[in-house]
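Its first residue numbered 30, the sequence shown is counted upward by one per residue in my numbering.
Cβ atoms here follow ideal geometry from the backbone N, Cα and C, with glycine treated the same way.
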Amino acid sequence: MQVVVVPVRAEREPAVLERARRLLVELGGRFRVKLDDREEYTPGWKFNEWEMRGVPVRVELGPRDLQEGRAVVVARDAEGQRRSVPLESLADAVASELEAIQARMLDRARAFLEAHTAPARDYADAVERIRQRQGFVGVRWCGDQSCEDRLREDSGGSPRVIPGEPVEGPCLVCGRAARAIVYFARAY
């Protein structure tokens, strides 16, 4: 599910629920959408529930919003920032919000990976960093299984990826010419 529509005070204003149902149809052509029209829960409870479930975008529609021809769009990762958008451009606003969420997630993941990846200076450095679980450790490797096995045994780590980056220098295990950089890490 990408979007949840939460009508606010719909029990007092039937027009809100009616418009929310129309929004479900309008947005349903482009997104996976759910309408939360349960009356036994407060809007705040619903907001929290859908956030915990991981739904990236919430659309809120209340009597005042309906009167103004607008809806409120809230991104799960936006720390409470709310955008009021015209109902006629709601689908485009939701699409741009989903794209922005994707971009922010990718940026955070890349920053995390960069902060937790480093090349090893030598064999002892590689073993120590892997043992201490200091993220991904780049190791020059000749391609020989015995070198991989030795590093696995000494460090307790395992290879995670061989990205195919160009490499120069000797294998950190045996000293022969390296053929690849291998990123090792230790599982938690």
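By DSSP's criteria, K63 is part of a beta bridge. Which residues make up the other side?
As a working mapping, residue 63 is identified with position 34 in the sequence shown. Listed as beta-bridge partners of K63 by DSSP are V33.
Check whether the segment 114-132 and the segment 163-180 touch, using three or more Cβ-Cβ pairs below 8 Å as the test.
No: fewer than three Cβ pairs fall under 8 Å.
What residues are listed by DSSP as bridge partners for V211?
Taking the first residue of the sequence shown as 1, we reach residue 211 at position 182. Answer by DSSP bridge pairing, in chain order: V168.
Roughly how far, in whole angstroms, is the beta-carbon of S113 from the beta-carbon of R99, given that I think they are within contact range, below 8 Å?
As a working note, residue 113 is residue 84 in the sequence shown. As a working note, residue 99 is residue 70 in the sequence shown. Contact holds; Cβ gap of about 5 Å.
Just tell me which of V86, L95, C203 has its CA closest to the CA of P43.
Taking the sequence shown and counting its residues from 1, one reaches residue 43 at position 14. The residue with the shortest Cα to Cα distance from P43 is L95.
Tell me, please, which residues DSSP counts as bridged to R111.
As a working note, residue 111 is residue 82 in the sequence shown. As a beta-bridge residue in DSSP terms, R111 pairs with V103.
Using the Cα positions of L46 and L64, report the straight-line distance between them to the nearest angstrom.
Against the sequence shown, residue 46 aligns to sequence position 17. Against the sequence shown, residue 64 aligns to sequence position 35. Distance between the alpha carbons of L46 and L64 is about 10 Å.
V102 and V34 look like a contact to me (Cβ under 8 Å); what is the Cβ gap, rounded to whole Å?
Translated into the one-based positions of the sequence shown, residue 102 becomes position 73. Translated into the one-based positions of the sequence shown, residue 34 becomes position 5. With a beta-carbon spacing of about 10 Å, V102 and V34 fall beyond the 8 Å limit used to define contacts.
What does the Cβ neighbour count give for I191, buried or exposed, with the cut at 16 atoms within 10 Å?
Within the sequence shown, residue 191 is the residue found at index 162, counting from 1. It is exposed - the Cβ of I191 has fewer than 16 other Cβ atoms within 10 Å.
I'd like the list of long-range same chain contacts for M134, defined as Cβ closer than 8 Å, with 5 residues on each side in sequence excluded.
Within the sequence shown, numbered from 1, the residue matching residue 134 stands at position 105. If we look at M134 and ignore the five residues flanking it on each side, its Cβ neighbours are D106.
Within this structure, are the beta carbons of S184 and F165 separated by less than 8 Å?
Counted from its first residue, the sequence shown places residue 184 at position 155. Counted from its first residue, the sequence shown places residue 165 at position 136. No; because the gap between Cβ atoms is not below 8 Å, this pair is not in contact.
Would you mind stating whether P72 and V37 have Cβ atoms separated by less than 8 Å?
Numbered from its first residue, the sequence shown carries residue 72 at position 43. Numbered from its first residue, the sequence shown carries residue 37 at position 8. Contact flag set, yes.
Give me the residue from Q163, R208, V202 with the minimum Cα distance to A216.
Position 187 of the sequence shown holds residue 216. Checked all of Q163, R208, V202; the closest Cα to A216 is Q163.
May I have the straight-line CA-CA distance separating R189 from T146, to the nearest angstrom?
Indexing the sequence shown from 1 puts residue 189 at position 160. Indexing the sequence shown from 1 puts residue 146 at position 117. The alpha-carbon atoms of R189 and T146 are separated by roughly 12 Å.
Spatially closest choice to G198 from G58, S187, V168, M81, by CA coordinates
Locating residue 198 in the sequence shown gives position 169, where the first residue counts as 1. Nearest C-alpha to G198 among G58, S187, V168, M81: V168.
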